[in-house]
Amino acid sequence: MTAIDKKLEKAMRENHRKNKQKLSRGDIAFNIINYAVFVLITLACIFPFYYLFINTISDNELVRLGQIQLYPRGIHFENYVQVLKIPGIIDALFVSIARTVLGTIWTVGGCAFLGYLCTKQEMWLRKVWYRLIIITMYFSAGLIPWYMNLRMLGFLDNFWVYVIPGLVSPYNVILVKTFIEALPPSLEESATLDGAGYTKLFVSIIMPLITPILATLCIFSAVGQWNSFTDTMMLMPSGKNYTLQFLLYKYQNEASSLAALVRNTQDSSSLANVATKQTALSVRMTVAMVVTLPILCVYPFFQRYFVKGIMIGAVKG
Amino acid sequence: MKKKWPVLLILAVAVAALFLPAAGLHVHAQLGAETAALFPDSLSLWDVISRGASALPVDQVPALSVLHLGRLPLLLGMIAMICSALTAFLRRKGMAQLSLILACLSAALLGAGTMQWLNIEDSLLFTVLISAKAWAYVPLAAAVVLAVYSLVALKGAEPVLTDDKKLRLISACLAVAALLMMLLPAYVISVPDTITANPADASAMNRSVSQYSLILGKESNLYEQGQEKGVYADILTGDLAQLEPYSADANNIRGVFVIRNNNTALNAALLAAAILLLLSAVLALIPRVDRWFPLAAGALGAVLLCTGTLSILSVGDADMYSSASRQLLHLGLGTITPIPLLAALLAVFSAAAGALGVKYANEPYFVNPVPEKLRLRFVAISLAVLALACMAAPNITVSFTKPNKTKVQATATLSGVDAVTFRAADRLANPTDSKDKAVYGEDDAEYSAAAVNAATAKTAKTFTWLTWLALGLTLAALAVILLNRSRKLAILLLLAALALRLVTWLAASSGLPRAVATGSGTLYLYASLPLLIFAAFFTNFSHMEQLPKKYKLFLMMLPFLLAVFLFSYLPLYGWSYAFYNYKFGVSMDQQEFVGLKWFTEMFTNAANRDNIVRVLKNTFGMSGLNLLTSWMPMIFAVFLNEITRTKFKKFVQIFTTLPNFISWALVFSFAMCLFAADTGIFSKFMMSVGLNDPANPTVWLNSSQHIWLKMWGWSTWKGLGWGAIMYLAAIAGIDQELYEAARVDGANRWALMRHITLPSLLPTFFVLLMLSISNILNNGMEQYLVFQNPMNRQTIEVLDLYVYNITIASGGTALYSYATAIGILKTLVSVTLLFSANFISKKLRGESIM
Numbered sequence: 023m024t025a026i027d028k029k030l031e032k033a034m035r036e037n038h039r040k041n042k043q044k045l046s047r048g049d050i051a052f053n054i055i056n057y058a059v060f061v062l063i064t065l066a067c068i069f070p071f072y073y074l075f076i077n078t079i080s081d082n083e084l085v086r087l088g089q090i091q092l093y094p095r096g097i098h099f100e101n102y103v104q105v106l107k108i109p110g111i112i113d114a115l116f117v118s119i120a121r122t123v124l125g126t127i128w129t130v131g132g133c134a135f136l137g138y139l140c141t142k143q144e145m146w147l148r149k150v151w152y153r154l155i156i157i158t159m160y161f162s163a164g165l166i167p168w169y170m171n172l173r174m175l176g177f178l179d180n181f182w183v184y185v186i187p188g189l190v191s192p193y194n195v196i197l198v199k200t201f202i203e204a205l206p207p208s209l210e211e212s213a214t215l216d217g218a219g220y221t222k223l224f225v226s227i228i229m230p231l232i233t234p235i236l237a238t239l240c241i242f243s244a245v246g247q248w249n250s251f252t253d254t255m256m257l258m259p260s261g262k263n264y265t266l267q268f269l270l271y272k273y274q275n276e277a278s279s280l281a282a283l284v285r286n287t288q289d290s291s292s293l294a295n296v297a298t299k300q301t302a303l304s305v306r307m308t309v310a311m312v313v314t315l316p317i318l319c320v321y322p323f324f325q326r327y328f329v330k331g332i333m334i335g336a337v338k339g
Numbered sequence: 009m010k011k012k013w014p015v016l017l018i019l020a021v022a023v024a025a026l027f028l029p030a031a032g033l034h035v036h037a038q039l040g041a042e043t044a045a046l047f048p049d050s051l052s053l054w055d056v057i058s059r060g061a062s063a064l065p066v067d068q069v070p071a072l073s074v075l076h077l078g079r080l081p082l083l084l085g086m087i088a089m090i091c092s093a094l095t096a097f098l099r100r101k102g103m104a105q106l107s108l109i110l111a112c113l114s115a116a117l118l119g120a121g122t123m124q125w126l127n128i129e130d131s132l133l134f135t136v137l138i139s140a141k142a143w144a145y146v147p148l149a150a151a152v153v154l155a156v157y158s159l160v161a162l163k164g165a166e167p168v169l170t171d172d173k174k175l176r177l178i179s180a181c182l183a184v185a186a187l188l189m190m191l192l193p194a195y196v197i198s199v200p201d202t203i204t205a206n207p208a209d210a211s212a213m214n215r216s217v218s219q220y221s222l223i224l225g226k227e228s229n230l231y232e233q234g235q236e237k238g239v240y241a242d243i244l245t246g247d248l249a250q251l252e253p254y255s256a257d258a259n260n261i262r263g264v265f266v267i268r269n270n271n272t273a274l275n276a277a278l279l280a281a282a283i284l285l286l287l288s289a290v291l292a293l294i295p296r297v298d299r300w301f302p303l304a305a306g307a308l309g310a311v312l313l314c315t316g317t318l319s320i321l322s323v324g325d326a327d328m329y330s331s332a333s334r335q336l337l338h339l340g341l342g343t344i345t346p347i348p349l350l351a352a353l354l355a356v357f358s359a360a361a362g363a364l365g366v367k368y369a370n371e372p373y374f375v376n377p378v379p380e381k382l383r384l385r386f387v388a389i390s391l392a393v394l395a396l397a398c399m400a401a402p403n404i405t406v407s408f409t410k411p412n413k414t415k416v417q418a419t420a421t422l423s424g425v426d427a428v429t430f431r432a433a434d435r436l437a438n439p440t441d442s443k444d445k446a447v448y449g450e451d452d453a454e455y456s457a458a459a460v461n462a463a464t465a466k467t468a469k470t471f472t473w474l475t476w477l478a479l480g481l482t483l484a485a486l487a488v489i490l491l492n493r494s495r496k497l498a499i500l501l502l503l504a505a506l507a508l509r510l511v512t513w514l515a516a517s518s519g520l521p522r523a524v525a526t527g528s529g530t531l532y533l534y535a536s537l538p539l540l541i542f543a544a545f546f547t548n549f550s551h552m553e554q555l556p557k558k559y560k561l562f563l564m565m566l567p568f569l570l571a572v573f574l575f576s577y578l579p580l581y582g583w584s585y586a587f588y589n590y591k592f593g594v595s596m597d598q599q600e601f602v603g604l605k606w607f608t609e610m611f612t613n614a615a616n617r618d619n620i621v622r623v624l625k626n627t628f629g630m631s632g633l634n635l636l637t638s639w640m641p642m643i644f645a646v647f648l649n650e651i652t653r654t655k656f657k658k659f660v661q662i663f664t665t666l667p668n669f670i671s672w673a674l675v676f677s678f679a680m681c682l683f684a685a686d687t688g689i690f691s692k693f694m695m696s697v698g699l700n701d702p703a704n705p706t707v708w709l710n711s712s713q714h715i716w717l718k719m720w721g722w723s724t725w726k727g728l729g730w731g732a733i734m735y736l737a738a739i740a741g742i743d744q745e746l747y748e749a750a751r752v753d754g755a756n757r758w759a760l761m762r763h764i765t766l767p768s769l770l771p772t773f774f775v776l777l778m779l780s781i782s783n784i785l786n787n788g789m790e791q792y793l794v795f796q797n798p799m800n801r802q803t804i805e806v807l808d809l810y811v812y813n814i815t816i817a818s819g820g821t822a823l824y825s826y827a828t829a830i831g832i833l834k835t836l837v838s839v840t841l842l843f844s845a846n847f848i849s850k851k852l853r854g855e856s857i858m
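In structure tokens:
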């Protein structure tokens, strides 16, 4: 637990105690309004997820008529079964997972090691190289040069374009560097006496100590990879390596033809049932839900890490 | 092993993946719908294991029996994997090691099986396509993961074979056994007499081919005999028939048969594998040599042998029609033996024994027995030799064009060798590579053939002398390094060669009359420059006992610098497009240079100007709305801080940050459902209130009305809670004594918020405000891209989206140069804004925001 956490907790506890002592009428009114506003804001943030979810599990005919508003009716899971049968969606899922896992490992590993190297005062022209890396944060060549460059390097229609260009991310390098600089240098010195080289030092001494920041970077990188779809749109002209997010984006425009496709693959018995028949709307919503679910599933677990991570960033900045 | 459940998880994934479709079958329309109906849609690995070739309709299509569906390696691999997982749970001595060995075995078997099976792709004489899906690789991946996991889990296990000598001996023996295996037949070719016209041909074709004979390239004999005739198996009947000789212009590959012997890649892989394995065996037996060397050699050899073996096993690949016997094999005239697979497995085990030896060795860190001094010299010498080779290789391409024509008329490629042998002048003045030598007609008075020849000859002469000198200097430097004389002299010579190289390049590319011919350096030239630099770099340290730490660190940094260069700095080269009339697919030399045309066009051309003004208005409008409300996260944080119930606070925080983690594509899906004109909850609500006519519902989402406000609403919905986290962190950092003191002075809640919390958040707010001002032009495009449609395009198009719309999205009529010009201006304005914001920040607060 970081010092900030402790402070935060202490402050909260103290506040709590203070407020319990005496509550004026104005305080009570303030509290009521305050709580109410936050409940409303939170509801506004949750409701779209809930609304989408009840629409995907409800009777499709009712959904088409706009009858499902606040609670599900005629619950069935046929939509999910059928959507997972859409050709290409399993492959897209696989590509999404692969890019998220590989891209995250690659970026975080690269930035961690680079951040470590940047802390080494004895490096030849260290400041020059470090500035050269950091300065790329502030300018970009623009869309067309970026696209042409990747094309020239042979990254068009290539899965590795999701992974390899992300090796160095200046912001992450800064975070790791600041974090390592705060560690006591004596740790490394003793291992150096044992004859360990830089790589050995990094792997067995530095890495275990910087896991909090690495966890944060992992989360940001993984979410970024999972959510990105414009790169697929621009860099995969021949339809290879589509990701789930991009399919979602594509389906928003062509959901009606998709629904017909899904209906064709369905057998006749389930087709007769209006309630479970796929409509453009139902397919669109179900795909969206399929894309959201992984994030919803892992979100509670990583939530505490990014709060910590952004605090590290904030304290630094 | 401490934790064992991951083993079961891996096993479960592998077994589940067996039943998922591993490959799709696509039948060519030529075969007709009836034949196509015989084939299943997809095959799973389990189909292959359980039914083998009969997973395909062999009864109806007899030619299918030719296929080797490798069921045995797959089956054995799965069994090995299950055994490995089971042994992992036993608590007896050596079981962890056994589990590791089994996992390695299963990885090798599954790898061989999967590859062999999947490389049938494009087979069946190009009529049935088997296309692999990702699931096919899952069991293999699981086996590899299992092997790695068991290796990691071995950390605390008791070593079984602590004796290093024993492991060395085992490793060497296995390597030698693998080498001997290469002498045994890898596959047997048997061609019946009835197929060929001449029975002697058939008997000459019958043979057994070992990996050893592949290395020696003995197949050339077969090539000569099979050159004129060939056999061909019809897909439907399975009959073998005589084929016509291959003709270069035939575009129907089916039915065309050619036997070529160009399996150099396979031969080289096998040869390298043999050498490495031998090396590994020898080194393993010498106790003085560090364990890492036999291990490295053995592992590399094993990988190469596996590659070669897989290539032998996967006879089906059409691109890999590399040798006559493999082609015959593919036609079913012969069988594969399991020997190559066994050899590969033995090599893998040899490497594994080496790895165990390293693992149980006493020394903690890798100690290289070759002194670093020698290594440094070796690196310097090899770099210089490589640079020399690059210089002698073809390095200047000269393209001849007719004046005012972009089409290249002729090209001449010059190499360092040409220069040294004084042939450069001839070749440049009289491009022999040209199909049509008369590049310049009589009518091009200005560019008469004689004038062009004179100009190019002059350039070529310069080029010749310079190249000569550069080569000579490099050679001299090499001699100096080899003789171990003055290293300063060597560095000077190398740097001089480098300078000369650059001059040569300039001479060749700028000395030519530009409208007629342009020269460009190719890869070799670019390669020789860094090689020379690094040769000089290493020469500098060749006298030292070891490379100084500062340079060692720099070398570690180098790959990252290279990545930054490739992906961040190299695109800047693309800015040059803005000064050309860029056309896709034409080399940069041939593009039309237009100067600042695109920049002036932005403001002088009325249509363009209107567009730019409109797009800028949208950009500033929407960024401005966000800027104006950038205080909202701060207020959110301040009020959230007033909530005393920790649980409620956490709850709010968790759910208000959730929208930040979903993509804009998803946000648009939400918008589509909530605001659908007829069914969305928002429309229904408005109908029930009476603000919306049910018969003619308002189109909320697609209309162009209030689009800025709507976009602001969505970005606030997505970013409000997330933005507040930063402020909450800052609030946590406020000194609590300030509050105490204020309370003692009788300050109430509002006073505390106004006079303590808010002022202490202002610095953070100020920094973020400055950053968002400098980012006013970069408001991204994802959000606007997903929400844009023909109706709202006029008011939603921001700068980035506009650039995308007129280029990549527009297809044929892309305005690349114009878009690049816009991009350049945008970057320049952004950087200026950033520096001014930084300047203001320094003036006001004395702190830099960068």
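The listed protein sequences correspond, in order, to chains A and B.
Note that the working numbering has the first sequence beginning at 23, numbered continuously upward.
Note that the working numbering has the second sequence beginning at 9, numbered continuously upward.
Ideal placement from N, C-alpha and C gives every residue a C-beta, glycine not left out.
How many Å lie between B:R296 and B:L187 at the Cα?
-> B:R296 and B:L187: Cα-Cα distance of roughly 24 Å.
Which residue comes first and which comes last in the alpha helix (DSSP H) that contains B:G721?
-> Where B:G721 is concerned, the enclosing alpha helix (DSSP H) starts and stops at I715 to A740.
Work out the CA separation of A:T126 and A:A218 for me, nearest whole Å.
-> Here the C-alpha atom of A:A218 lies approximately 28 Å from the C-alpha atom of A:T126.
In chain C, which residues lie less than 8 Å from A:D113 when you measure between Cβ atoms?
-> No chain C is part of this structure, whose protein chains are labelled A and B.
Using a Cβ cut-off of 7 Å, which residues of the region 157-169 of chain A contact any Cβ in chain B, in chain order?
-> Listed in chain order, the positions of the region 157-169 of chain A with a beta carbon within less than 7 Å of a beta carbon of chain B are T158, Y160, F161, S162, A163, G164, L165, I166, P167, W168 and Y169.
Inter-residue spacing [alpha-carbon to alpha-carbon] between B:T840 and B:S723 | Each residue's Cα considered, the two are about 26 Å apart.
Measure from the alpha carbon of A:P259 to the alpha carbon of each residue in A:E203, A:F177 and A:I157, then state which is nearest.
-> Closest option to A:P259, Cα to Cα, is A:F177.
Span separating the alpha-carbon of B:I90 from that of B:Y195 | Cα atoms of B:I90 and B:Y195: separation of roughly 30 Å, rounded to the nearest angstrom.
Residues near B:D743 in its chain [Cβ-Cβ closer than 8 Å; skip 5 each side] | So no residue of the chain qualifies.
Residue range of the unbroken alpha helix (DSSP H) whose run includes A:G131 | I111 to C140 is the span of the alpha helix (DSSP H), which, as asked, contains A:G131.
Secondary structure at B:T652, three-state DSSP: helix, strand or coil?
-> Correct three-state label for B:T652: coil.
Between A:Y327 and chain B, is there a C-beta pair that is closer than 9 Å?
-> Interface criterion not met: the Cβ of A:Y327 is under 9 Å from no Cβ in chain B.
Mind checking if B:G729 is an interface residue toward chain A, Cβ cutoff 9 Å exclusive?
-> Using a CB distance cut-off of 9 Å, B:G729 counts as an interface residue toward chain A.
Any beta-carbon of chain A closer than 9 Å to the one on B:P48?
-> Chain A contact via Cβ: absent.
Backbone CA spacing between B:F134 and B:C314 [nearest angstrom] | Residue placement at B:F134 is flagged as unreliable, the pLDDT there being 46, under the threshold of 50; the coordinate-derived value follows with that caveat. In this structure, the CA atom of B:F134 is about 26 Å from the CA atom of B:C314.
Spell out a yes or no on whether the region 138-153 of chain B and the region 13-28 of chain B are touching, meaning 3 or more CB-CB pairs, one atom from each, closer than 8 Å.
-> Short answer: they touch.
Cβ of B:E600 less than 9 Å from any chain A Cβ?
-> Taking a beta-carbon distance threshold of 9 Å, B:E600 does not count as an interface residue toward chain A.
For B:N786, name the three-state secondary structure that DSSP assigns.
-> Secondary structure of B:N786 (DSSP, three-state): coil.
Does the Cβ of A:I54 have 16 or more other Cβ atoms within 10 Å, making it buried, or fewer, making it exposed?
-> That one is exposed.
How far does the beta strand (DSSP E) with B:Y195 in it reach, from first residue to last?
-> First-last of the beta strand (DSSP E) with B:Y195: P193 to I197.
Does DSSP classify B:N548 as helix, strand or coil?
-> Residue state, collapsed to three classes: coil.
Looking at A:W146 and B:K558, is the spacing between their C-beta atoms short of 9 Å?
-> Yes, they are a contact pair.
Note down, in chain order, each residue of its chain lying with its Cβ closer than 8 Å to the Cβ of B:V393, except the 5 sequence neighbours on either side.
-> Hits under 8 Å: L486.
Tell me where the beta strand (DSSP E) around B:P147 begins and ends.
-> In the DSSP assignment, B:P147 falls outside any beta strand (DSSP E) and within the unbroken alpha helix (DSSP H) covering V146 to A161.
Under the three-state DSSP convention, the category B:F587 falls into = Helix, per DSSP.
What do you get for B:R495, buried or exposed, if any count of 16 or more other CB atoms within 10 angstroms of its CB means buried?
-> The Cβ neighbour count for B:R495, taken over all protein chains shown within 10 Å, is at least 16; the residue is labelled buried.
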